[in-house]
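Novice: Have a look at this one.
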Amino acid sequence: MKDALVPGEDKERRLEAWLLAYGDAVLRTCFVYLADRALAEDALQDTFLKVWRHMDSFQGQNASSPKTWIMRIAINTCKDYRRSAWLRHVDMSQIIEEMPQAVRAPDEDSRALFLDVMRLPAKLKQVILLYYFHHMTLAETAQALHISRQAVQYRLKKAYKLLGQLPERSEEDEPEHPHPGLPER
Amino acid sequence: MNRNTPIQDCLNDNLSGLYITRQQHRQLMDNITGGTKMKKKLTTSLALAIILTLLTMTALAALVLTRSPQADIHNRARAALSEKYGLTPDSLGTFNLHDSQEGDSWTVLFTSASFHPSLVGEYRVTLDKDQVIATWSHDAADKAVWEKAGLDSPVWGQPQIAQALRSPDEADRINMALYRESPVPANPNMPDPEVLKGRGEDESYWNGEIVKAGTPGKDDLSREQALQIAHQAIMEDFGLSQAELDAGQIISERFYLREGGGSLWGFSIAVEKDGLLWDCGVTMDGQTGEILLSNIITGGNG
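Chains as they are written, first to last, in the working numbering: chain Z, 1 to 185; chain R, 186 to 487.
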């Protein structure tokens, strides 16, 4: 939803539009990253507080979409939370049964795979979230994480291996950059 | 773009019930745009006022800290590893601590939080009234293999951990290759899921007990009192100076009510030292200020 940014809107309305457009996605990202719903809600608020405070500086940048920018802030906020020494003692693991009931009830395989995603190392989880859940391109994922496109591909490859998954190539993947180096089906 | 993979489907399906309600949306807008006082955030003027107050109070009276047996044991275990293996506080910050008690004897296990366990191994310290015994799972390795080696060593002791902290890209390359070959559980501190069932959104799991977010009452330490105690504990336990702490940033501060009565204050303060970020955590009894746990993290989690 790159068109969520409407020129001429006042700051508060713009924030509201972005919260509506990306709020759920940020909350879900933070939950997968932090594995704790209460922390994810704190991180959601902190993310949009930073968005609010730095909105003016974003408006001068054309390099990234609002979504990429907001997701980068969300990931960095989650990193700060994970670095928190307090979290070493407040256990971050949240069992799947505690999540709100899914609108689309997942089957056992889906739940097992989801738990595997939750257990991925943070760096791999980030690329899986941005690439698969937020449907970002490799370039956008790289931009959001401040890493190279090759690094995104490298991490995706590792994540597939840990998850026991082979990547599917859809016709909608970027044809000029078709996941070089990923295992063939 | 539609990447129709099991990964995408599992994320979409399992997270579909997690969303911001209309009420939460309104509350967030109010909080962010200033409708409600934000929690956790310090204004510059308030931070300066607190620092000045703390400096004045520190000048008037040095705090005498008390520590729980668990916190004391952790400090003694860290000291034992420093003495025997030369591990510095920043290197120790790459390990998780797990303790157990049997009678008068404690065992503290240090497992890796930042690097692959096959490299750094694990340290075990057994403490009782009379003796302290520290061991390392790589004790049998030839010292010559790793003592003067770089990150290509199959065993990482103090020299390699210190180097890895300062060369994170190189360390990451080596570790990710190992994780790919031999994954390990990401979070070894996972509690019994039964403990977490039915937990409220304002509840957290801390050190084996369920605690609930709250606000300090008349019998509790004020935030400023608790922060001063936290500073003192960090200085004593990890050798940081007041100036380094003053230049640091509070990452989180939490106040919790305990199930069996009483309360907790917890602070996490990020300090930059020698080019590394030290995340110093202190948890104390919310009423007495007794230090219950202190630790640092230097390796990050991702």
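Backbone N, C-alpha and C define an ideal beta-carbon position, used for all residues, glycine too.
It should be emphasised that the depicted structure is a prediction, and the values quoted were computed from it without experimental measurement.
Measuring CB to CB, does Val-117 of chain Z end up less than 8 Å from Leu-196 of chain R?
Specialist: Their beta carbons are under 8 Å apart, which means Val-117 of chain Z touches Leu-196 of chain R by this criterion.
Novice: Can you tell me whether DSSP reads Arg-119 of chain Z as helix, strand or coil?
Specialist: Correct three-state label for Arg-119 of chain Z: coil.
Novice: How is the beta strand (DSSP E) around Val-152 of chain Z delimited, first residue to last?
Specialist: Looking at the DSSP string, Val-152 of chain Z is not in any beta strand (DSSP E); the run it does join, the alpha helix (DSSP H), is 149-163.
Novice: Please return the same chain residues whose Cβ sits closer than 6 Å to the Cβ of Gly-342 of chain R, not counting the five positions on each side in sequence.
Specialist: Same-chain partners within the cutoff: Trp-331.
Novice: Since Thr-47 of chain Z contacts Thr-68 of chain Z with CB under 8 Å, what's their CB separation in whole angstroms?
Specialist: That pair is no contact at about 13 Å.
Novice: What number of angstroms, rounded off, separates the C-alpha of Ile-419 of chain R from the C-alpha of Pro-191 of chain R?
Specialist: If you take the alpha carbons of Ile-419 of chain R and Pro-191 of chain R, they lie about 46 Å apart.
Novice: Provide the residue(s) that pair with Asn-480 of chain R in DSSP beta bridges, ordered along the chain.
Specialist: R:Gly-466.
Novice: Can you find the residues in the same chain that come closer than 8 Å, C-beta to C-beta, to Gly-424 of chain R, ignoring five residues on each side of it along the sequence?
Specialist: Excluding residues within five positions, the ones whose Cβ falls inside 8 Å are Pro-274.
Novice: Using a Cβ cut-off of 8 Å (strictly closer), state whether Pro-66 of chain Z contacts chain R.
Specialist: No, no contact with chain R.
Novice: Can you tell me whether Ile-73 of chain Z is helix, strand or coil according to DSSP?
Specialist: Correct three-state label for Ile-73 of chain Z: helix.
Novice: With 16 other CB atoms within 10 Å as the buried threshold, where does Ser-57 of chain Z fall?
Specialist: With fewer than 16 Cβ atoms within 10 Å of its Cβ, Ser-57 of chain Z is classed as exposed.
Novice: Cα separation between Asp-324 of chain R and Val-305 of chain R?
Specialist: Between Asp-324 of chain R and Val-305 of chain R, the C-alpha separation is close to 11 Å.
Novice: State the DSSP-derived secondary structure class of Leu-227 of chain R, mapped to helix, strand or coil.
Specialist: Any reading at Leu-227 of chain R must be qualified, since the residue scores a pLDDT of 42, below 50, and its modelled position is unreliable; the value itself is stated next. Coil at Leu-227 of chain R, not helix or strand.
Novice: Which chain Z residues are close to Met-361 of chain R, counting only those with a beta carbon under 7 Å from its beta carbon?
Specialist: In chain order: Lys-158.
Novice: If we define contact as Cβ-Cβ less than 8 Å, is Glu-12 of chain Z a contact residue for chain R?
Specialist: Interface residue, yes.
Novice: Three-state secondary structure (DSSP) at His-134 of chain Z?
Specialist: Here His-134 of chain Z sits in coil by DSSP.
Novice: State the CB to CB distance for the pair Val-293 of chain R and Leu-277 of chain R, rounded to an integer number of angstroms; the pair is presumed to be in contact (CB under 8 Å).
Specialist: Rounded, the Cβ-Cβ distance is 11 Å, inconsistent with contact.
Novice: Just the Cα atoms here: how many angstroms apart are Glu-176 of chain Z and Ala-362 of chain R?
Specialist: Residue placement at Glu-176 of chain Z is poorly supported in this model, since its pLDDT is 36, which falls under 50; the coordinates still yield a value, given next. Going from the Cα of Glu-176 of chain Z to the Cα of Ala-362 of chain R covers about 28 Å.
Novice: Can you give me the start and stop residues for the beta strand (DSSP E) that Ile-435 of chain R sits inside?
Specialist: Counting along the chain, the beta strand (DSSP E) containing Ile-435 of chain R begins and ends at 434-443.
Novice: Name the chain B residues whose beta carbon is nearer than 7 Å to that of Ser-110 of chain Z?
Specialist: As a matter of chain content, chain B is missing from the structure shown, whose protein chains are Z and R.
Novice: Does the count of Cβ pairs from the stretch 458-478 of chain R and the stretch 249-266 of chain R closer than 8 Å reach three?
Specialist: Yes: at least three Cβ pairs fall under 8 Å.
Novice: Ends of the beta strand (DSSP E) at Tyr-390 of chain R?
Specialist: That run of the beta strand (DSSP E) goes 388-391.
Novice: For Phe-114 of chain Z and Asn-199 of chain R, what's the separation of their Cα atoms in angstroms?
Specialist: Roughly 7 Å between the two C-alpha positions.
Novice: What's the C-alpha gap between Gly-219 of chain R and Gln-45 of chain Z?
Specialist: Near 12 Å, if we compare the C-alpha coordinates of Gln-45 of chain Z and Gly-219 of chain R.
Novice: How many whole angstroms separate the CB atoms of Phe-300 of chain R and Ala-265 of chain R, which I take to be in contact at a CB cut-off of 8 Å?
Specialist: The Cβ separation is near 21 Å, so there is no contact.
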